[in-house]
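S.K.: First, the structure itself, so that you have it in front of you.
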Amino acid sequence: MAATAAVVVAATGSLPLFRRHISPATGRLKLKTKFSVSVSLTEQQSTTTSVSQKTQEAETIAKRYEDSEIERLNLKDYVEQSKDLIRSDGGPPRWFSPLECGSRLNNSPLLLFLPGIDGAGLGLILHHERLGEIFDIWCLHIPVMDRTPFTDLVKLIERTVKSENYRSPNRPIYLVGESLGGCLALAVAALNPDIDLILILANPATCFSKSHLQPLIPILAVMPEQLHLSLPYALSLMTGDPLRMMRATVEKGLTPLQTVGELSQRVVALSSYLSVLADTLPRETLLWKLQMLKSASEFANSRLHAVKAQTLVLSSGRDQLLPSLEEGDRLRRALPNCQIRKFNDSGHFLLLEDGFDLVTIIMGAGFYRRARYLDYVSDYFPPNPSEFKRIYEPFRWIETATCPVMFSTLENGKIVRGLAGIPSEGPVLFVGYHMLLGLELVPMVSRFWLERNIVVRGIAHPMMFMKLREGKLPDLSSYDTFRVMGAVPVSGANFYRLLSSKSHVLLYPGGMREALHRKGEEYNLFWPEQSEFVRMAARFGAKIIPFGVVGEDDVGQLFFDYDDLMKIPYFKAEIEELTEEAVKLRTDIGGDVANQDVHLPIILPKLPGRFYFLFGKPIETEGRKQELRSREKAHELYLEVKSEVERCIAYLKEKRKNDPYRNIFPRLIYQATHGFDSEVPTFEL
1 MAATAAVVVA ATGSLPLFRR HISPATGRLK LKTKFSVSVS LTEQQSTTTS
51 VSQKTQEAET IAKRYEDSEI ERLNLKDYVE QSKDLIRSDG GPPRWFSPLE
101 CGSRLNNSPL LLFLPGIDGA GLGLILHHER LGEIFDIWCL HIPVMDRTPF
151 TDLVKLIERT VKSENYRSPN RPIYLVGESL GGCLALAVAA LNPDIDLILI
201 LANPATCFSK SHLQPLIPIL AVMPEQLHLS LPYALSLMTG DPLRMMRATV
251 EKGLTPLQTV GELSQRVVAL SSYLSVLADT LPRETLLWKL QMLKSASEFA
301 NSRLHAVKAQ TLVLSSGRDQ LLPSLEEGDR LRRALPNCQI RKFNDSGHFL
351 LLEDGFDLVT IIMGAGFYRR ARYLDYVSDY FPPNPSEFKR IYEPFRWIET
401 ATCPVMFSTL ENGKIVRGLA GIPSEGPVLF VGYHMLLGLE LVPMVSRFWL
451 ERNIVVRGIA HPMMFMKLRE GKLPDLSSYD TFRVMGAVPV SGANFYRLLS
501 SKSHVLLYPG GMREALHRKG EEYNLFWPEQ SEFVRMAARF GAKIIPFGVV
551 GEDDVGQLFF DYDDLMKIPY FKAEIEELTE EAVKLRTDIG GDVANQDVHL
601 PIILPKLPGR FYFLFGKPIE TEGRKQELRS REKAHELYLE VKSEVERCIA
651 YLKEKRKNDP YRNIFPRLIY QATHGFDSEV PTFEL
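Each residue of the sequence shown is one higher than the one before, counting from 1 in full-length UniProt numbering.
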């Protein structure tokens with residue numbers, strides 16, 4: 001849906017205005033829209049796109065993220081643009097596309113935003129720039145004095161959905177709705193089960209019958225006009241927890257003076273928001289909207305059984321207007337293809353809160369796709385620097401505690417500290433040892449990102465992406481971070497696509513058996529007898545980098561392993577139940593590596609030691625495609641890679657004995673005297 005020249009002219013008769021300015025604090029370009037509304041949706045370019053085109057587009061977006069940091073709009077921008085819309089209001093409901101959403105991909109999926117009770121259609125304003133990179137965004141605006149019934153709004157959206165689906169039948173259509181908009185999205189999905197719709201519902205008002213707003217309906221009908229002025233203050237609870245706003249500002253890492261300045265600006269914006277809310281919801285309009293919420297909730301709930309669309313529910317824990325957490329759980333049970341993400345510290349107006357990034361949520365949930373089926377390779381876009389920082393911060397303690405040391409091997413065979421020996425251009429295949437519980441993943445992936453700007457695409461167990469049934473396995477939201485950072489479910493097709501797109505791929509042949517090893521098995525490889533990666537790597541001329549990592553025995557001691565747990569009837573039953581919920585791998589091979597029982601061993605923590613990584617010399621497969629078609633030659637290379645991994649582990653186990661900073665206390669003393677950001681020395685090479 002490309003933008004058209006048909007533009008609604010403001011009430012003054014002037015054309016839509018926009019200006020751009022350079023922010024004095026950052027010097028970054030920022031586009032500010034005053035008023036831009038389009039009344040028609042036009043045909044998008046064809047969505048038939050080759051894999052190479054998709055990959056090139058993904059690289060373009062990734063580079064754009066690297067080259068500049070996108071400055072998000074804020075509540076102040078919401079207030080200013082809402083005032084513009086109110087001043088120029090009138091006429092029927094209509095679609096508009098924000099000007100800051102113009103630089104999208106050619107085959108971006110359509111995203112229709114359906115507003116909440118305010119009707120402005122600006123609920124995504126904090127996310128316009130990020131969403132505009134990967135979506136074709138159109139927002140529904142319902143004028144203040146408009147009295148279009150709920151069923152007619154459903155018909156308006158339905159006409160748009162059918163029209164766009166006719167033009168691009170292989171492209172999904174996203175319906176993002178908050179509160180009232182959530183009911184609209186569910187209603188449209190129920191009436192159109194054969195259209196490929198993806199619903200993202202932020203605190204949907206399907207639970208309005210349990211809302212604290214219900215008693216307001218009879219009161220508003222008899223309330224004097226002068227008392228209505230206090231209602232916007234009550235409804236300001238939708239903006240969420242003020243302490244969360246303060247915490248989000250502090251977490252940005254600004255100087256104290258900058259922090260105070262930004263907090264002051266937000267307080268002013270919040271007070272302005274109350275005034276705008278009063279203009280947006282005069283008494284008659286508020287009464288109309290509350291009555292509409294009641295009918296919308298009843299309409300949507302009566303048709304939930306007909307909803308077949310892929311659905312993501314975003315539920316706030318501190319929603320003062322709706323019981324959103326309970327409603328999210330109810331919808332997940334009622335809808336056949338529904339996931340939920342909970343935000344315990346957030347209020348009703350979740351999409352306007354600082355620290356909430358809708359693109360990250362969509363990517364983490366695996367809900368972004370540009371065709372009928374999700375392509376984990378071409379539909380992936382790496383996080384930008386600020387997004388990575390938010391992802392990395394909760395796990396930073398692992399790096400602080402283990403102070404990982406990275407070594408790599410240059411082409412001449414020399415071992416150096418750092419990642420200088422890692423090729424910048426792919427395809428590259430990292431093949432190595434999986435420590436207990438995958439403890440090495442966070443330091444490894446983050447160091448590649450921070451030091452070399454390389455996104456490592458891990459091939460992961462399918463349990464991180466799907467469950468055969470609901471039960472005791474961790475919720476899929478537990479693995480959102482892995483998906484945001486590029487993990488893909490293990491399969492030959494995904495492995496092929498990653499190498500064909502010249503990615504840096506991480507593979508653990510030992511898989512779950514290696515990461516859940518038994519007592520006394522640390523640093524033993526549990527690889528299949530036959531190669532699973534050599535010939536595929538040779539097909540694309542990938543460089544194979546064997547690597548070893550040690551340190552798990554310096555951070556914990558395995559107390560109860562799989563064998564111990566299986567001797568206890570309670571734990572045995574738990575393990576069998578967990579294993580039944582997960583997708584099974586390697587069912588066609590024998591040996592110990594085929595034991596994929598899901599369990600969580602009991603580990604006694606130690607005072608943390610140190611993690612050590614050694615990446616071996618890259619093994620070239622370029623030009624060896626014909627040679628490695630031979631099963632014998634491929635097996636020889638497989639054994640060579642395995643031997644190199646074992647050599648790297650043995651090297652690190654021996655050399656770490658000479659590291660004076662292997663223990664945490666010498667490291668802390670060194671950092672206290674040299675600065676906590678200083679690089680802690682290690683053994684001599």
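A virtual CB, placed ideally from N, CA and C, is assigned to each residue, including glycine. In this text the structure is predicted, and so the values were computed from the model without any measurement.
Counting only beta-carbon atoms, is Leu652 nearer than 8 Å to chain C?
M.R.: In summary, chain C is missing from the structure at hand, where a single protein chain is found.
S.K.: Using 8 Å for Cβ pairs, my map puts Thr402 next to Pro608. What's the rounded Cβ distance?
M.R.: As a working mapping, residue 402 is identified with position 402 in the sequence shown. As a working mapping, residue 608 is identified with position 608 in the sequence shown. Their Cβ separation, rounded to whole angstroms, is 6 Å, which keeps Thr402 and Pro608 in contact under 8 Å.
S.K.: Rank Lys414, Ile198, Asp553 and Gln596 by C-alpha distance to the C-alpha of Leu112 and give the top, closest one.
M.R.: As a first step, residue 112 must be located in the sequence shown, where it is residue number 112. Of the listed residues, the one whose Cα sits closest to Leu112 is Ile198.
S.K.: Helix, strand or coil for Val176? Go by DSSP, reduced to three states.
M.R.: Residue mapping note: residue 176 aligns to position 176 of the sequence shown, counting from 1. Of the three classes helix, strand and coil, the one that applies to Val176 here is strand, per DSSP.
S.K.: Write down the C-beta distance between Leu131 and Leu73 rounded to the nearest angstrom, noting that I regard them as a contact closer than 8 Å.
M.R.: Reading the sequence shown from its first residue, position 131 is the one you call residue 131. Reading the sequence shown from its first residue, position 73 is the one you call residue 73. About 12 Å separates the two Cβ atoms, so there is no contact after all.
S.K.: Taking only the alpha-carbon atoms, compute the straight-line gap between Ser386 and Ser477 and give it to the nearest angstrom.
M.R.: For the purposes of this step, residue 386 is taken as residue 386 along the sequence shown, with counting starting at 1. For the purposes of this step, residue 477 is taken as residue 477 along the sequence shown, with counting starting at 1. If I take the Cα positions, the gap works out to 21 Å.
S.K.: Can you give me the C-alpha to C-alpha distance between Phe547 and Thr360, rounded to a whole angstrom?
M.R.: Position 547 of the sequence shown, counting from 1, holds the residue named residue 547. Position 360 of the sequence shown, counting from 1, holds the residue named residue 360. In a straight line, the C-alpha of Phe547 is about 30 Å away from that of Thr360.
S.K.: Could you pull the DSSP bridge partners for Met406 from this structure?
M.R.: Residue mapping note: residue 406 aligns to position 406 of the sequence shown, counting from 1. For Met406, which the question treats as bridged, DSSP gives the partners Phe613.
S.K.: Identify which residue in Leu281, Ala493, Ala334 and Gly177 has its Cα closest to the Cα of Ser302.
M.R.: In the sequence shown, residue 302 corresponds to position 302, counting from 1. It is Ala334.
S.K.: Run the CB neighbour count on Gly413, radius 10 Å, all protein chains shown included, and call it buried at 16 or more, exposed below.
M.R.: In the sequence shown, residue 413 corresponds to position 413, counting from 1. When all chains shown are included, Gly413 counts as exposed.
S.K.: Which runs of the alpha helix (DSSP H), 4 residues or longer, sit entirely within the stretch 622-662?
M.R.: Taking 4 residues as the shortest admissible run, the stretch 622-662 contains the following complete alpha helix (DSSP H) segments, listed from N- to C-terminal end: 631-655.
S.K.: So the beta strand (DSSP E) Trp95 belongs to, where does it begin and stop?
M.R.: Here residue 95 refers to the residue found at position 95 when the sequence shown is read from its first residue. It spans Arg94 to Phe96 - the beta strand (DSSP E) in which Trp95 sits, taken as one unbroken run.
S.K.: Which residue comes first and which comes last in the beta strand (DSSP E) that contains Asp319?
M.R.: Locating residue 319 in the sequence shown gives position 319, where the first residue counts as 1. Unbroken run through Asp319: none, as it is neither H nor E.
S.K.: Pick from Leu507, Thr151 and Thr311: whose alpha carbon is nearest that of Glu298?
M.R.: Start at 1 with the first residue of the sequence shown, and residue 298 comes out as number 298. For Glu298, the nearest C-alpha among the options comes from Thr151.
S.K.: Identify, in the order they occur along the chain, each residue of the same chain with its Cβ nearer than 8 Å to the Cβ of Lys308, setting aside the five sequence neighbours on each side.
M.R.: Within the sequence shown, residue 308 is the residue found at index 308, counting from 1. Hits under 8 Å: Ala189, Pro193, Pro336 and Asn337.
S.K.: Give me, in chain order, the residues of the same chain whose beta-carbon lies closer than 7 Å to that of Thr49; leave out the 5 immediate sequence neighbours on both sides.
M.R.: Indexing the sequence shown from 1 puts residue 49 at position 49. In this predicted model, Thr49 has a pLDDT of only 46, less than 50, meaning its place in the structure is not dependable; the value taken from the coordinates is given anyway. Within the same chain, Thr49 has close Cβ partners Asn107.
S.K.: If we count Cβ pairs, one from each stretch, closer than 8 Å, do we get three or more for the stretch 487-503 versus the stretch 420-427?
M.R.: yes
S.K.: Taking 8 Å as the threshold (C-beta atoms), are Leu614 and Leu652 in contact?
M.R.: Counting from one through the sequence shown, the residue named residue 652 turns up at place 652. Counting from one through the sequence shown, the residue named residue 614 turns up at place 614. Leu652 is a Cβ neighbour of Leu614, given a cutoff of 8 Å.
S.K.: In whole angstroms, what is the alpha-carbon distance linking Pro462 and Asn494?
M.R.: Indexing the sequence shown from 1 puts residue 462 at position 462. Indexing the sequence shown from 1 puts residue 494 at position 494. Cα to Cα, the separation comes out at about 12 Å.
S.K.: For the stretch 456-473 against the stretch 482-497, are there 3 or more C-beta pairs whose distance is under 8 Å?
M.R.: yes
S.K.: Rounded to a whole number of angstroms, what is the C-alpha to C-alpha distance between Thr621 and Ile545?
M.R.: By 1-based counting over the sequence shown, the position of residue 621 is 621. By 1-based counting over the sequence shown, the position of residue 545 is 545. Distance between the alpha carbons of Thr621 and Ile545 is about 11 Å.
S.K.: Name, in chain order, the residues that DSSP records as bridge partners for His504.
M.R.: What you label residue 504 is simply residue 504 of the sequence shown in a count that begins at 1. Val428 and Val456.
S.K.: How about the stretch 347-367 and the stretch 313-323: do they share at least three Cβ pairs that are nearer than 8 Å?
M.R.: yes
S.K.: Can you check DSSP and say which residues form a bridge with His141?
M.R.: The sequence position of residue 141 within the sequence shown is 141, counting from 1. His141 pairs with Arg94.
S.K.: Can you tell me the Cα-Cα spacing of Thr206 and Leu325, whole angstroms?
M.R.: Here residue 206 refers to the residue found at position 206 when the sequence shown is read from its first residue. Here residue 325 refers to the residue found at position 325 when the sequence shown is read from its first residue. Using only the alpha carbons, I get a separation of about 12 Å.
S.K.: Relative to the alpha-carbon of Arg518, which residue among Arg497, Phe560 and Pro660 has its alpha-carbon at the smallest distance?
M.R.: As a working mapping, residue 518 is identified with position 518 in the sequence shown. The option with the nearest alpha carbon to Arg518 is Phe560.
S.K.: Just to confirm, is the Cβ distance from Glu577 to Lys642 under 8 Å?
M.R.: Here residue 577 corresponds to residue number 577 of the sequence shown, with the count starting at 1. Here residue 642 corresponds to residue number 642 of the sequence shown, with the count starting at 1. No, these two residues do not count as a Cβ contact at 8 Å.
S.K.: Here's the rule I'm using: 16 or more other beta-carbon atoms within 10 Å means buried, otherwise exposed. How should Ala626 be labelled?
M.R.: For this step, residue 626 is matched to residue 626 along the sequence shown. Before going further, note that residue 626 is Gln rather than Ala in the sequence given. By the neighbour-count rule (16 or more Cβ atoms within 10 Å), Gln626 is not buried but exposed.
S.K.: Compare the C-alpha of Asp118 against each of Lys289, Ser531 and Pro681 and name the closest.
M.R.: What you label residue 118 is simply residue 118 of the sequence shown in a count that begins at 1. Cα-wise, what sits closest to Asp118 is Lys289.
S.K.: In the DSSP output, what is Arg341 paired with across the bridge?
M.R.: Taking the first residue of the sequence shown as 1, we reach residue 341 at position 341. Arg341 is bridged by DSSP to Leu314.
S.K.: Please list the terminal residues of the continuous alpha helix (DSSP H) segment that includes Gln671.
M.R.: As a first step, residue 671 is located in the sequence shown; it is residue number 671 there, counting from the start. Here the alpha helix (DSSP H) through Gln671 covers Ile664 to His674.
S.K.: Looking at the structure shown, is Ile568 part of a helix, part of a strand, or coil, going by DSSP?
M.R.: As a first step, residue 568 must be located in the sequence shown, where it is residue number 568. Residue state, collapsed to three classes: coil.
S.K.: Given a cut-off of 8 Å, decide if Leu436 and Ala420 are closer than it, judged by their beta-carbon atoms.
M.R.: For this step, residue 420 is matched to residue 420 along the sequence shown. For this step, residue 436 is matched to residue 436 along the sequence shown. No, they are not a contact pair.
S.K.: Have a look at Tyr380, Val154 and Arg610 and flag the residue whose alpha-carbon is nearest the alpha-carbon of Ala185.
M.R.: Against the sequence shown, residue 185 aligns to sequence position 185. Closest by alpha carbon: Val154.
S.K.: Give me the Cα-Cα distance between Ile619 and Val431, rounded to the nearest whole angstrom.
M.R.: Working through the sequence shown from its first residue, we reach residue 619 at position 619. Working through the sequence shown from its first residue, we reach residue 431 at position 431. Answer to the nearest angstrom: the Cα atoms are 11 Å apart.
S.K.: Helix, strand or coil: which one does DSSP assign to Gln530?
M.R.: Here residue 530 refers to the residue found at position 530 when the sequence shown is read from its first residue. Here Gln530 sits in coil by DSSP.
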